[in-house]
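> A single structure is presented below for examination.
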């Protein structure tokens, strides 16, 4: 009896490579990262990592970048971020702050 050889495994080991997975808009939405329009608005404001442009109609995020963004937010809660103070001002005070910045 001869032993049959097994084909080499195509599965990658569960290491840090799993963090280099590319995720889509739909996957981020399903995981609770808001809807697409909110996410892109946050990208423009610098409040969410920017996607990687793979081709003309294909954008993806590195999962490692999302994890790093989450860790940063855990380390610096919303109350510690500089833009939080403007959010909790009453509307009139916020308008005057905006007007002062425009001068």
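Numbering (our numbering), first residue to last: 3 to 105. Just so you know, even glycine gets a beta-carbon here, dropped at the ideal spot from N, CA and C.
With H, G and I counted as helix, E and B as strand and the rest as coil, what does DSSP make of residue 39?
Taking the chain shown and counting its residues from 1, one reaches residue 39 at position 37. Three-state DSSP puts residue 39 in a helix.
> Quick one, which of 31, 61, 50 has its alpha-carbon nearest residue 71's?
Taking the first residue of the chain shown as position 1, residue 71 is located at position 69. When each option's Cα is compared against that of residue 71, the closest is 50.
> Quick one: grab the DSSP three-state call for residue 58.
If you number the chain shown from 1, residue 58 lands on position 56. Reduced to three states, the DSSP call for residue 58 is coil.
> Are the beta-carbon atoms of residue 53 and residue 62 separated by less than 9 angstroms?
Looking up residue 53 in the chain shown gives position 51. Looking up residue 62 in the chain shown gives position 60. Yes, Cβ-Cβ distance for residue 53 and residue 62 is below 9 angstroms.
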